[in-house]
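Enquirer: Read top to bottom, the protein sequences are chains A and B. So for the first sequence, the UniProt record's numbering puts the first residue at 1; every next one is plus one. So for the second sequence, the UniProt record's numbering puts the first residue at 1; every next one is plus one. Every residue, glycine too, gets a C-beta built ideally from N, C-alpha and C. Okay, handing you the structure first.
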Amino acid sequence: MLKRLAIAAAILGSFPIMAWAHGPSRQKVTESVEINAPADKVWAVVGNFQDLSWVPAVAKTEGTGDNKPASGSNNDGAKRTITLKSGGVIEEMLDEYDAKEMTYSYEITKVDVKVLPVNDYSSHITVTANGADKSTLEWKGAFYRGFMNNDPPPELNDEASKKAVTDLYKSTLEAVKAKIEGGK
Amino acid sequence: MRAFVRVSAVVAVLAFGGLQSAAMAGEALTTNQPADTLSFVDLSAMKEVATVKIGGKPAGIALSPDKTKAYITSPDSKELVEVDAVSRAVTRRVTLGGGPLGIAAHPKLPEIYVADWYSHKILVINAKTLAVVCAISVGQSPSGLAVTPDGRLLLSADRDSDAVSIVDIARRERIASVPTGKRPFGITIDNNGERAYTANVKSNDVTVIDIASRSVLGSVPTGRRPYAVALANGLGFSTDQYGGSITVFDLAKLVPTETIKACDHPEGIEADPSGHDVYVACWGDNVLLRLDPRTLKVTGKADVGDGPRAFGKFLR
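Structure representation (structure tokens):
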């Protein structure tokens with residue numbers, strides 16, 4: 001019986017999205033960058049849910065539903081599957097989309113903690129105009145750590161999950177700034 | 001129905017007589033999880049007036065029957081923390097172990113209930129000594145807790161069982177389990193003790209339970225990832241974390257009537273006892289919002305600490 005439980009636990013452990021349970025506390029990461037370009041120019045780069053080519057770690061984005069968010073209880077919103085350059089795959093769904101306000105939010109529906117050590121991850125992208133030729137691009141994430149029980153291993157603890165997301169956001173925002181300001 | 005009309009008339013008289021403050025909450029206490037603090041918000045000014053260091057990433061909150069004490073769960077340090085709400089100081093803390101999050105207080109007795117989602121038990125705690133009196137087995141990973149106003153029954157949203165446990169408090173045992181939508185998290189009981197409402201984070205709906213018959217009356221679709229429910233003005237209000245919205249639904253017809261654009265990750269929500277206002281903790285934006293349950297507009301906003309959860313009853 002114990003052995004069977006151990007096997008079941010091992011199977012669940014390898015599919016963290018199935019073993020849905022809260023870690024102790026949700027983590028929050030917010031990073032932003034000021035870009036010397038008008039807001040609509042930045043939005044044109046980051047505002048399409050089906051195009052994640054602005055994230056350097058991404059090799060390919062494939063999806064359905066354009067920029068149409070999920071509504072109510074239906075999981076009918078736009079979806080995308082991201083293949084990373086490292087080979088990892090992440091599945092995501094759009095929750096909110098407002099082109100006028102230049103903001104959208106989405107959630108990860110499937111990821112291996114080896115690819116990104118997070119659970120129940122949701123995120124916002126917002127572009128704000130700072131006058132006519134400057135803007136701020138903000139990326140905000142909410143998530144639980146990779147290990148959903150007490151006493152996590154170091155690579156799946158709160159600090160590790162926060163560091164992974166912070167590094168992703170910082171490096172990506174710098175790359176977007178360089179790309180847009182460099183006119184590429 | 002007649003009783004309801006009479007209650008409405010009394011409320012109207014109170015409201016127009018300028019006496020509504022007697023029945024209204026004066027303060028909100030938000031547990032700010034990443035900040036490790038408790039914010040005290042003056043609700044007449046909608047302003048944070050004090051911050052108390054709690055530690056252990058506080059999340060759940062309950063108040064003593066006289067509302068002079070707050071009981072807070074800190075899941076990271078696995079503690080129960082008692083705060084004197086009048087002097088605004090931590091008075092005692094006790095390590096419970098496991099994964100304490102959901103918490104409720106008995107409406108009359110000095111007794112507190114804490115849900116431990118790892119051991120699948122509810123701890124009964126003597127509020128005078130803070131000693132664990134006993135542990136009651138419920139479903140998998142109990143989350144939100146609520147007690148009926150008569151103090152007879154304790155209900156737990158058993159998140160990983162997709163069910164609600166009904167516990168007889170005097171007998172210290174579970175007497176029924178009622179199925180819900182997927183992953184019920186927050187649970188709210190109405191003022192008459194007739195119905196319970198669970199926010200089901202995975203199926204994006206609210207399950208409505210008739211407590212006496214232990215049966216499901218219906219369910220209402222919400223926005224994405226509802227966290228908790230408040231009741232006021234004949235309406236239900238769910239905080240939709242991923243939608244950044246409040247779904248408003250009709251309690252008689254059990255249908256959604258409106259979606260209020262709220263904030264980033266709205267979480268804890270509670271109606272003032274008078275039903276005059278509804279307060280919402282916004283985890284992402286670090287604010288407490290005030291909603292008017294008649295106009296369905298946001299009427300006030302107060303800055304609080306980083307990451308307010310306010311999971312439980314937080315108005316005094």
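Among B:Leu315, B:Tyr242, B:Val132 and B:Arg183, which one has its Cα closest to the Cα of aspartate 277 (chain B)?
Expert: Nearest C-alpha to aspartate 277 (chain B): B:Leu315.
Enquirer: If we ignore side chains and look at the alpha-carbon of each, how far apart do valine 127 (chain A) and methionine 148 (chain A) end up?
Expert: 33 Å
Enquirer: Excluding the five sequence neighbours on either side, which residues of its own chain have a C-beta within less than 7 Å of the C-beta of lysine 53 (chain B), listed in chain order?
Expert: Asp36 and Thr37
Enquirer: For glutamate 159 (chain A), which three-state DSSP category applies?
Expert: Helix, per DSSP.
Enquirer: Less than 9 Å between the beta carbons of threonine 180 (chain B) and isoleucine 209 (chain B), yes or no?
Expert: yes
Enquirer: Between B:Phe311, B:Gly307, B:Gly312 and B:Lys313, which lies nearest to glycine 141 (chain A) when the distance is taken from Cα to Cα?
Expert: When the alpha-carbon of glycine 141 (chain A) is set against those of B:Phe311, B:Gly307, B:Gly312 and B:Lys313, the nearest one is in B:Gly307.
Enquirer: Kindly identify the DSSP beta-bridge partner or partners of isoleucine 169 (chain B).
Expert: DSSP, once it has assigned bridges, lists no residue as partnering isoleucine 169 (chain B).
Enquirer: Under 9 Å between the Cβ atoms of glutamate 82 (chain B) and arginine 93 (chain B)?
Expert: By the CB criterion at 9 Å, glutamate 82 (chain B) and arginine 93 (chain B) fall inside the cutoff.
Enquirer: Does aspartate 264 (chain B) come within less than 9 Å of chain A when only Cβ atoms are used?
Expert: yes
Enquirer: Would you kindly work out how many angstroms separate the C-alpha atoms of threonine 257 (chain B) and tryptophan 43 (chain A), rounded to a whole number?
Expert: When only Cα atoms are considered, threonine 257 (chain B) and tryptophan 43 (chain A) end up about 33 Å apart.
Enquirer: Give the range of the alpha helix (DSSP H) segment to which residue 185 (chain A) is assigned.
Expert: Not covered by the structure: residue 185 (chain A). The range shown for chain A is 1 to 184.
Enquirer: To be precise: take each residue of the segment 67 to 79 of chain B, compare its Cβ to all Cβ atoms of chain A, and keep it if any distance is under 7 Å. Which residues remain?
Expert: Pro75 and Asp76
Enquirer: Give me the residue from B:Gly144, B:Cys134, B:Val201 and B:Asn126 with the minimum Cα distance to tryptophan 117 (chain B).
Expert: B:Gly144
Enquirer: Would you call the CB atoms of threonine 68 (chain B) and valine 86 (chain B) closer than 9 Å?
Expert: yes
Enquirer: If you follow the beta strand (DSSP E) that alanine 228 (chain B) is part of, which residue opens it and which one closes it?
Expert: DSSP places alanine 228 (chain B) in the uninterrupted beta strand (DSSP E) bounded by 226 to 232.
Enquirer: Would you mind telling me which residues of chain A sit closer than 7 Å to glycine 307 (chain B), beta carbon to beta carbon, in chain order?
Expert: Neighbours of glycine 307 (chain B) on chain A, chain order: Lys28.
Enquirer: Kindly list, in the order they appear in chain B, the residues whose Cβ is closer than 8 Å to that of lysine 140 (chain A).
Expert: Asp264 and Gly284
Enquirer: Smallest Cα separation from lysine 47 (chain B): which of B:Ala310, B:Lys313, B:Ala302 and B:Arg309?
Expert: B:Ala302
Enquirer: Near leucine 109 (chain B), what residues of its chain come up, given a Cβ to Cβ distance below 7 Å and the 5 sequence neighbours on each side ignored?
Expert: Gly151
Enquirer: Pull the bridge partners of arginine 290 (chain B) from the DSSP assignment, please.
Expert: B:Tyr279 and B:Gly300
Enquirer: Can you tell which of A:Lys163, A:Glu62 and A:Gln50 has the C-alpha that lies nearest to the C-alpha of glutamate 31 (chain A)?
Expert: A:Lys163
Enquirer: Run through DSSP, which three-state label would arginine 159 (chain B) get?
Expert: helix
Enquirer: Can you tell me whether DSSP reads aspartate 112 (chain A) as helix, strand or coil?
Expert: coil
Enquirer: Using only alpha-carbon positions, find the residue among B:Leu231, B:Gly305 and B:Ala127 that is nearest to aspartate 272 (chain B).
Expert: B:Leu231
Enquirer: Of the choices B:His106, B:Leu130 and B:Thr51, whose alpha-carbon is the least far from that of alanine 89 (chain B)?
Expert: B:Thr51
Enquirer: At a CB distance below 9 Å, what residues from the segment 128 to 155 of chain A approach chain B? Give them in sequence order.
Expert: Lys140, Ala142, Asn149 and Asn150
Enquirer: By DSSP's criteria, leucine 125 (chain A) is part of a beta bridge. Which residues make up the other side?
Expert: Leucine is not the amino acid found at residue 125 (chain A); the sequence shown has isoleucine there. Note: isoleucine 125 (chain A) sits in a beta bridge opposite A:Tyr104 and A:Trp139.
Enquirer: State the start and end residues of the unbroken beta strand (DSSP E) segment that holds asparagine 32 (chain B).
Expert: 27 to 32
Enquirer: Which two residues bound the contiguous beta strand (DSSP E) that contains arginine 80 (chain A)?
Expert: Arginine 80 (chain A) -> beta strand (DSSP E) spans 79 to 84.
Enquirer: Which of the residues in the segment 90 to 123 of chain A, read from start to end, lie with their CB under 7 Å from any CB of chain B?
Expert: Asp95, Glu96, Ser105, Glu107 and Ser122
Enquirer: Where does aspartate 167 (chain A) land, buried or exposed, given buried means 16+ other C-beta within 10 angstroms?
Expert: By the 10 Å Cβ count, aspartate 167 (chain A) comes out exposed.
Enquirer: Secondary structure at residue 185 (chain A), three-state DSSP: helix, strand or coil?
Expert: Missing from the structure shown is residue 185 (chain A); chain A here goes from 1 to 184 and no further.
Enquirer: Shorter than 9 Å from the beta carbon of arginine 214 (chain B) to some beta carbon of chain A?
Expert: no
Enquirer: Sort B:Leu288, B:Gly236, B:Val216 and B:Thr198 by Cα distance to cysteine 263 (chain B) and report the nearest one.
Expert: B:Leu288
Enquirer: If we require 3 or more residues per run, which beta strand (DSSP E) segments fall completely within the segment 94 to 126 of chain B?
Expert: 100 to 105, 111 to 116 and 121 to 126
Enquirer: Suppose contacts are defined by Cβ-Cβ distances below 9 Å. Is tyrosine 227 (chain B) in contact with glycine 284 (chain B) by that definition?
Expert: Contact: no.
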